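Enquirer: Just add 686 to the spot in the sequence shown (first one is 1) and you have the numbering used here.
Note that the Cβ used here is the ideal one computed from N, Cα and C, for glycine as well.
Nothing here was measured: the structure is a model prediction, and the numbers come from that model.
Would you mind keeping the following structure in view while I ask a few things?
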Amino acid sequence: MKDAEKKIESLRDEIRHHEYLYYVVDRPEISDFEYDKLMQQLQKLESEYPALITPDSPTQRVGGKPREGFVKVRHSSPMLSLDNTYNEEELRAWERRVHELTGRKEVDYVCELKLDGMSLSLGYDDGRLVRGVTRGDGTTGEDVTLNVRTVRSVPLSVPKEKLKKAGIPSYFEVRGELLMPTAAFKKLNEERERDGLPTFANPRNFTAGTVRQLDASITAQRRLDYFAYMLLENGHTYFDHHSKTLDALDAAGFKVNPHRKLVHSMEEVWKFIQEWEEKRDSLPYEIDGIVVKVDRTSLQDELGFTGKAPRWAIAYKYAARAGITKLEGVRWQVGRTGKLTPVAELAPVSIGGTTVRNATLHNVDEIERLGAKIGDYVQVERGGDVIPKVAKVIEDKDHPRGTQEIEVPEKCPVCGTKVVRTEGEVDYRCVNANCPAKLLGTILHFASRGVMNIDGMGESLVNQLIERGLVKNVADIYDLTKKDLLSLERFADKSAQNILDEIENSKKLPLERVIYGLGIRFVGERTAQFLAEHFGSMDDLAKASVEELQDVNEVGPRIAESIAEFFGNPANRELVKRLGKAGLIFAGEKKERGTKLAGKTFVLTGTLAHYSRDEAKRLIEDAGGKVTGSVSKKTDYVVAGADAGLKLDKAKELGVAVIDEKEMEKLAS
Ligand code: IVH
687 MKDAEKKIES
697 LRDEIRHHEY
707 LYYVVDRPEI
717 SDFEYDKLMQ
727 QLQKLESEYP
737 ALITPDSPTQ
747 RVGGKPREGF
757 VKVRHSSPML
767 SLDNTYNEEE
777 LRAWERRVHE
787 LTGRKEVDYV
797 CELKLDGMSL
807 SLGYDDGRLV
817 RGVTRGDGTT
827 GEDVTLNVRT
837 VRSVPLSVPK
847 EKLKKAGIPS
857 YFEVRGELLM
867 PTAAFKKLNE
877 ERERDGLPTF
887 ANPRNFTAGT
897 VRQLDASITA
907 QRRLDYFAYM
917 LLENGHTYFD
927 HHSKTLDALD
937 AAGFKVNPHR
947 KLVHSMEEVW
957 KFIQEWEEKR
967 DSLPYEIDGI
977 VVKVDRTSLQ
987 DELGFTGKAP
997 RWAIAYKYAA
1007 RAGITKLEGV
1017 RWQVGRTGKL
1027 TPVAELAPVS
1037 IGGTTVRNAT
1047 LHNVDEIERL
1057 GAKIGDYVQV
1067 ERGGDVIPKV
1077 AKVIEDKDHP
1087 RGTQEIEVPE
1097 KCPVCGTKVV
1107 RTEGEVDYRC
1117 VNANCPAKLL
1127 GTILHFASRG
1137 VMNIDGMGES
1147 LVNQLIERGL
1157 VKNVADIYDL
1167 TKKDLLSLER
1177 FADKSAQNIL
1187 DEIENSKKLP
1197 LERVIYGLGI
1207 RFVGERTAQF
1217 LAEHFGSMDD
1227 LAKASVEELQ
1237 DVNEVGPRIA
1247 ESIAEFFGNP
1257 ANRELVKRLG
1267 KAGLIFAGEK
1277 KERGTKLAGK
1287 TFVLTGTLAH
1297 YSRDEAKRLI
1307 EDAGGKVTGS
1317 VSKKTDYVVA
1327 GADAGLKLDK
1337 AKELGVAVID
1347 EKEMEKLAS
């Protein structure tokens, strides 16, 4: 045991060190593979000695079971906001006030990037992370500790020696900004779009939605980042200069933004502001301005606060980068899911140093809201890495209005198939599975790990296959020969054979994977599973009517119509036939789910005595019932175990029947 304990501690130290190198300073010294190996060793030891698991172990970043809600926590001192300025004159006015109130003519300032995320407080007791709290209303926030633990750049503990060296007490609070890097934002939004889920408008909203996930394992999958900018002890600033605070946080292993500067005059502040307005696009995350802070803590104290903001700091906000230009035409772009997006074709205009020729109009509703016509002059805005958008139509006497209506095409501009707008939806779509525009996304989805698991079939290979005309749909994957693969860049006998083996292996995967792989809109992993179990074969699924489809667990009219539409298309039927011929598994085990609880919706809460959450869920689902995560008017029963929390209150409030596990068993059997 003693040996194991030692080994565990040394592994943890080693892993923490490599996490720091990778996530905080971005200078890794070992490969991901070696890191994974260390982690696996630690996981193995910890599973052998579960008593030795501590919350600050690197293995504990994965996120635990979903929770019921968040506990409110009062901040040690208010988390304030900042006053904004938008031009040099206002900035000078702020400086004058600083001079007046402090009676000094020379004041040092620290310039920092204004990171566009959300502020978050971290509480450390004896060097260990014990609390992560959102800003909330500034006075009270929500305890999101479990979620914060999953953020790799947040240290779960700081060694005593490190704190000592940095001059930081062992009980302290860090405040800083939680954000989602632009690349992760784009990728996650694309995935959501592919799965037919609503997308987020910007990284900040995505961050806020992510940190408040009740299921911390979801937070763990979304790569959030954290930059520290304040250090407090008992709610008070600890160091006598802000610049020292930042250096100390840095020395203790927190991620502190490197683009900061201690300056001695407003001229230098202004230079910093202008420099970053030029360079902001080169950052991997979004900023919306610069924060200027008085460096000396004693001067900060003298200056104090006005209402919700300190007088010792100010935010200089960059103007939304915008320009006015003529809307010359509209083109309809076909995305991975077949969604048609209207793209404005603009007379070239320079916005923040970049020439913009295209901007998104989002969808038909947005065109209507803007009242845009071809020939109009429009205001175009551009933020960070995000696609420029048409913000409004200019309606004044200097800008004549356009007259040509923007029309939705009847046929897909890429393949000519008639476009469809499902009732109740904003978007028009091309439903042809073979449409080349959808091809890349469809193939990548099909080959991905959770689907047909064809390892090695990534973007570069698929792009080549499409370009050479070797793959026009997912069925073509199964006709690929070694000769085909050898004709591509970077393929030798062995690598070609590997891919062919992977393709061959994929034929062993069960029916639900194949259904999921077809990329039918709204059919995710779970629905595919229910469909496979209900119909037991691809043929029966393909023949099912919209009404029959709705007999399947969790399939409502929207999903049923999407499935029927897919199989109603002759090209899709042909494709499925070829997959069957290639030898993919088209038969599954039909699992008769009972019908006793058909149409009934359950919510589980608290700890049950004889069932785990998963077991209870299975019991209900096997009887044809449905289990959801939150209580609403549509909930039929709430099954309450010990320590049931908010969901129980909600059930009572809405008058939903509350039952115990005995009654649940009775209903299900
Ligand atoms: S200092 C009292 N520094 O901006 C000091 N805030 O508009 C308040 N923010 O709520 C925070 N980057 O979420 C500070 N370098 C930075 C910042 C920053 C972004 C955010 C923060 C704050 C908001 C105020």
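If you run the structure through DSSP and keep just helix, strand and coil, what is Asn1044?
Expert: Strand, per DSSP.
Enquirer: Is Tyr915 close to ligand 1? I mean its beta-carbon at under 6 Å from any heavy atom of the ligand.
Expert: Indeed, a heavy atom of ligand 1 lies less than 6 Å from the Cβ.
Enquirer: Can you list, in chain order, the stretches of the beta strand (DSSP E) that have 3 or more residues and sit fully within the stretch 983-1040?
Expert: The stretch 983-1040 contains these whole beta strand (DSSP E) runs: 999-1003, 1007-1020 and 1026-1037.
Enquirer: Using CA atoms only, rank isn't needed, just tell me which of Met916, Lys1348, His927 and Ile1152 is closest to Pro764.
Expert: Among Met916, Lys1348, His927 and Ile1152, the Cα nearest to that of Pro764 is on Met916.
Enquirer: Under 7 Å Cβ to Cβ from Asp1329, same chain only, skipping five residues before and after it: list those, please.
Expert: Around Asp1329: Gly1292 and Thr1293.
Enquirer: Should Ser856 and Gly813 be called a contact, given that it needs their Cβ atoms to be closer than 7 Å?
Expert: Yes. Within cutoff.
Enquirer: Taking the alpha helix (DSSP H) that Leu1261 falls in, what are its first and last residues?
Expert: Unbroken alpha helix (DSSP H) run through Leu1261: Pro1256 to Ala1268.
Enquirer: Measure the CB-CB distance between Glu1198 and Gln1215 and report whether it falls below 7 Å.
Expert: In this structure, Gln1215 lies closer than 7 Å to Glu1198 by Cβ.
Enquirer: DSSP state of Asn770, grouped into three classes?
Expert: If DSSP states are grouped into helix, strand and coil, Asn770 belongs with the strands.
Enquirer: For a test of your reading of the model: does the CB of Ser767 fall under 6 Å from any non-hydrogen atom of ligand 1? Yes or no.
Expert: Yes; taking the cut-off as 6 Å, the Cβ of Ser767 has a heavy atom of ligand 1 nearer than that.
Enquirer: Give me the DSSP bridge partner(s) of Cys1116.
Expert: In DSSP, Cys1116 forms a bridge with Val1105.
Enquirer: In chain order, what residues of the same chain lie with their CB nearer than 8 Å to the CB of Glu691, ignoring the 5 residues before and after it?
Expert: For Glu691, where only same-chain residues beyond five positions count, the Cβ hits under 8 Å are Tyr735 and Leu738.
Enquirer: Measuring from the CB of Glu672, is there a heavy atom of ligand 1 at a distance below 6 Å?
Expert: Coverage of the chain is limited to positions 687 through 1355, which leaves residue 672 absent and any answer about it impossible.
Enquirer: Looking only at its chain, what residues have a beta carbon closer than 6 Å to the beta carbon of Ala1246, apart from the 5 residues adjacent to it on each side?
Expert: Same-chain partners within the cutoff: Val1232, Leu1235 and Gln1236.
Enquirer: Would the beta-carbon of Leu932 be found less than 6 Å away from any heavy atom of ligand 1?
Expert: Every heavy atom of ligand 1 is 6 Å or more from the Cβ of Leu932, so no.
Enquirer: For Asp974, tell me which candidate among Asn1118, Asn943 and Arg966 has the shortest Cα-Cα distance.
Expert: Comparing Cα-Cα distances from Asp974 to each of Asn1118, Asn943 and Arg966, the minimum goes to Arg966.
Enquirer: Kindly indicate which residue of Gln1150, Ala1302, Asp1308 and Leu1290 has the alpha-carbon position closest to the one of Val1317.
Expert: If we check each option's Cα against that of Val1317, Leu1290 comes out closest.
Enquirer: In whole angstroms, give me the CA-to-CA distance for Pro841 and Thr825.
Expert: Rounded to the nearest angstrom, the two C-alpha atoms are 25 Å apart.
Enquirer: Which whole-angstrom value is the C-beta distance of Ile1206 and Met1143, which I expect to be below 8 Å?
Expert: That pair is no contact at about 20 Å.
Enquirer: Express the C-alpha separation of Glu972 and Asp1071 in angstroms, rounding to a whole number.
Expert: Unreliable positioning characterises Asp1071 in this predicted model, as indicated by a pLDDT of 49, which lies under 50. The coordinate reading is nonetheless provided below. Straight-line Cα distance between these residues: approximately 8 Å.
Enquirer: Report buried or exposed for His950, applying the criterion of at least 16 other Cβ atoms within 10 angstroms of its Cβ.
Expert: It counts as exposed.
Enquirer: So, at 7 Å on beta carbons, what are the nonlocal neighbours of Lys693 in its own chain, with the 5 sequence-adjacent residues on each side left out?
Expert: Cβ within range, chain order: Leu731.
Enquirer: Give every residue of the same chain whose Cβ lies closer than 8 Å to the Cβ of Cys1121, excluding the five residues on either side of it in the sequence, and list them in chain order.
Expert: Result list for Cys1121: Val1020, Gly1024, Cys1098, Val1100, Cys1101 and Thr1103, in chain order.
Enquirer: So is Leu932 buried or exposed if we call it buried at 16+ other beta carbons inside 10 Å?
Expert: That one is buried.
Enquirer: Could you check whether the stretch 888-902 touches the stretch 828-844, counting it as contact only if at least three pairs of C-beta atoms, one from each stretch, sit closer than 8 Å?
Expert: Because the criterion of three Cβ pairs below 8 Å is met, the stretch 888-902 and the stretch 828-844 touch.
Enquirer: Where are the beta strand (DSSP E) runs, 3 residues long or more, that stay fully inside the stretch 1069-1094, in chain order?
Expert: Counting only runs of 3 or more, we get 1075-1079.
Enquirer: Give me the Cα-Cα distance between Tyr1063 and Lys1003, rounded to the nearest whole angstrom.
Expert: Straight-line Cα distance between these residues: approximately 26 Å.
Enquirer: Could you tell me if Thr1213 is buried or exposed, where buried requires 16 or more neighbouring beta carbons within 10 angstroms of its beta carbon?
Expert: So Thr1213 counts as buried.
Enquirer: With distances taken Cα to Cα, identify the nearest neighbour of Asn773 among Pro1074, Val955 and Glu1349.
Expert: Looking at the Cα atoms, Val955 is the closest of the given residues.
Enquirer: Please classify Asp1329: does DSSP put it in a helix, a strand, or coil?
Expert: Asp1329: coil per DSSP, three-state reduction.
Enquirer: Kindly examine ligand 1 and report whether one of its heavy atoms sits closer than 6 Å to the Cβ of Glu963.
Expert: Not under cutoff, so the answer is no.
Enquirer: Identify the continuous beta strand (DSSP E) that holds Tyr915 and give its terminal residues.
Expert: First-last of the beta strand (DSSP E) with Tyr915: Asp911 to Glu919.
Enquirer: Short of 6 Å in beta carbon distance, which residues of its chain neighbour Arg1068, apart from the five on each side in sequence? Order them along the chain.
Expert: Excluding sequence neighbours, Arg1068 sits near Arg1007, Ile1037 and Pro1074.
Enquirer: Can you check whether the CB of Asp769 is closer than 7 Å to the CB of Ile1010?
Expert: In this structure, Asp769 does not lie closer than 7 Å to Ile1010 by Cβ.
Enquirer: Looking at the unbroken beta strand (DSSP E) that takes in Lys1097, where does it start and where does it end?
Expert: Counting along the chain, Lys1097 falls outside any beta strand (DSSP E), and DSSP gives it neither H nor E.
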